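Input: a single structure, listed below in structure tokens.
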Amino acid sequence: MQMWMARLFGTAGSQMLMVAIGWHMYDLTGSAWDLGLVGLYQFVPALLLALYAGHIVDRHHRGRIVAVCFLVQALVALVLLAAGYAQRDSRALLLGLSLVLGAVRAFQMPAQQALTPMLVPPLMLPRAMAFSSAGSQGAIIAGPAIGGLLFVAGIGVVYAASMLLFVTGGVLVARLRYAHAPPPRAPVTLQTLFAGVDFIWRRKTVLGAVSLDLFAVLLGGAVALLPIYAKDILHTGPWGLGLLRSAPAVGALVMSIVLTRRPIERHVGRTLLVAVAAFGLCMVVFGLSRSFLVSLVVLAVSGGADMVNVVIRQTLVQLETPDEMRGRVSAVNSIFIGASNQLGEFESGATAALLGPVGSVVAGGVGTVLVAVAWFRLFPSLAQRDRIVGQKS
88 MQMWMARLFG TAGSQMLMVA IGWHMYDLTG SAWDLGLVGL YQFVPALLLA LYAGHIVDRH
148 HRGRIVAVCF LVQALVALVL LAAGYAQRDS RALLLGLSLV LGAVRAFQMP AQQALTPMLV
208 PPLMLPRAMA FSSAGSQGAI IAGPAIGGLL FVAGIGVVYA ASMLLFVTGG VLVARLRYAH
268 APPPRAPVTL QTLFAGVDFI WRRKTVLGAV SLDLFAVLLG GAVALLPIYA KDILHTGPWG
328 LGLLRSAPAV GALVMSIVLT RRPIERHVGR TLLVAVAAFG LCMVVFGLSR SFLVSLVVLA
388 VSGGADMVNV VIRQTLVQLE TPDEMRGRVS AVNSIFIGAS NQLGEFESGA TAALLGPVGS
448 VVAGGVGTVL VAVAWFRLFP SLAQRDRIVG QKS
């Protein structure tokens with residue numbers, strides 16, 4: 088429960104921080120390209136550091152790594168707060184701090200993913216993943232919504248609130264106690280760094296699941312363009328942006344509660360692929376919508392579909408990975424996740440600069456559906472996967 092609470096605070100802080108940075112950047116520059124650059128600047132350091140981060144996670148106390156990551160993000164929020172009050176905020180500062188956030192998350196994501204299986208028995212992992220996701224989605228709902236409301240008092244209040252949440256989460260994780268036996272010290276070699284890559288490559292079901300998320304969300308993500316939709320298409324203010332950012336999490340929260348009570352036990356591969364296709368269809372509808380209410384509903388449905396993807400994929404990866412490899416495998420998985428999120432934000436911004444925001448979102452949604460259809464043929468072991476627990480690739 089302590090780890091669950093820590094992730095709750097950390098996720099809420101992260102969501103509030105990203106809403107603030109996105110609105111801040113668009114307010115400063117009015118550029119879809121710059122919104123995309125925020126995602127790219129977070130992805131590049133995460134990509135460069137991911138394999139080394141996995142090596143560190145497998146050899147050090149994972150809870151302490153997460154705690155340090157939370158505290159560094161609190162410092163980022165503090166710098167943005169101080170810069171705003173001193174009127175020293177700028178495009179360069181926002182992009183520079185995006186690099187810091189990307190570097191931090193290179194360590195945080197694999198440490199969090201590899202820590203969860205150490206706290207619950209294997210048979211309980213699917214439910215634990217769903218329960219953990221429920222808390223995270225609750226924070227994703229609350230974070231942007233509260234952040235949007237706090238914008239009324241000024242962006243500095245949003246940065247201060249996110250800083251407080253990061254500090255609280257960091258303290259909770261630092262106090263976490265679990266059995267940790269440090270492995271024998273080993274030099275960093277290419278073999279140890281790429282062990283996670285080799286592990287995933289040799290297990291085609293796992294490779295299919297993580298690569299599906301990469302290409303589907305890379306094409307179908309519209310998060311980076313939400314400030315444009317809120318301001319120029321749906322004609323709402325920061326409060327509307329907060330609700331749009333929260334809507335997918337509402338659907339994800341509902342779905343995670345359902346999966347906690349009724350986990351998916353059969354036809355998991357087919358369910359995963361159908362869920363990704365449904366996510367793509369939702370993006371097409373969102374891209375064409377001019378109604379704020381319709382946009383909220385389809386974003387919520389997309390969040391529910393994505394939650395099915397998240398729970399199946401993460402449980403599958405963790406259960407098929409031995410503990411001594413979980414940090415490195417989770418690091419590779421985090422590259423795929425980071426590419427689908429941060430690099431997807433850059434792709435959305437870049438294509439929006441060429442096709443406009445509507446063309447970017449609609450084309451991405453269609454691409455996501457096509458990827459899901461292609462994966463039925465490219466990864467038959469994934470499409471035919473029946474159960475998560477008790478069936479190996």
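The sequence shown maps to residues 88 to 480 in my numbering. In this text, a Cβ means the ideal position worked out from N, Cα and C, and glycines have one as well. These numbers were taken from a predicted model, which means no experiment stands behind them.
Following the DSSP letters along the chain, one finds Phe-130 inside the alpha helix (DSSP H) bounded by residues 119-144. Distance from the CA atom of Pro-335 to the CA atom of Leu-383, rounded to whole angstroms, is 8 Å.
Around the beta carbon of Pro-132, 16 or more other beta carbons sit within 10 angstroms, so the residue counts as buried. Between the stretch 449-457 and the stretch 311-320 there are fewer than three inter-stretch CB-CB distances shorter than 8 Å, so the stretches are not counted as touching. Between Ser-435 and Gly-451, the C-beta gap is smaller than 8 Å, which places the two residues in contact. No Cβ-Cβ contact shorter than 8 Å links Ala-193 with Leu-127.
Note that the stretch 248-264 touches the stretch 88-105; at least 3 beta-carbon pairs, one per stretch, sit closer than 8 Å.
Counting the other Cβ atoms within 10 Å of the Cβ of Gly-356 gives 16 or more, which makes it buried.
By the beta-carbon neighbour count (other beta carbons within 10 angstroms, threshold 16), Glu-407 is buried. With contacts defined by Cβ atoms closer than 8 Å, Ala-392 and Ala-418 do not form a contacting pair.
Ser-298 and Ala-201 have their C-alpha atoms roughly 19 Å apart.
The three-state reading of DSSP puts Gly-324 in coil, since its state is none of H, G, I, E or B.
In the structure shown, Ile-242 falls within a helical segment according to DSSP collapsed to helix, strand and coil. With fewer than three CB-CB distances shorter than 8 Å, the stretch 166-180 does not count as touching the stretch 134-154. If only complete runs of 4 or more residues are kept, the stretch 378-434 shows the alpha helix (DSSP H) at 379-406 and 413-425, in order along the chain. Between the C-alpha atoms of Gln-199 and Gly-327 there is a straight-line separation of about 31 Å. Taken through DSSP and simplified to helix, strand or coil, Arg-289 comes out as helix. Within a 10 Å sphere around the beta-carbon of Pro-197 sit 16 or more other beta-carbons, which makes this residue buried. The beta carbons of Gly-374 and Gly-338 sit about 17 Å from each other, so the pair does not count as a contact at 8 Å. DSSP places Phe-194 inside the alpha helix (DSSP H), whose first and last residues are 178-202.
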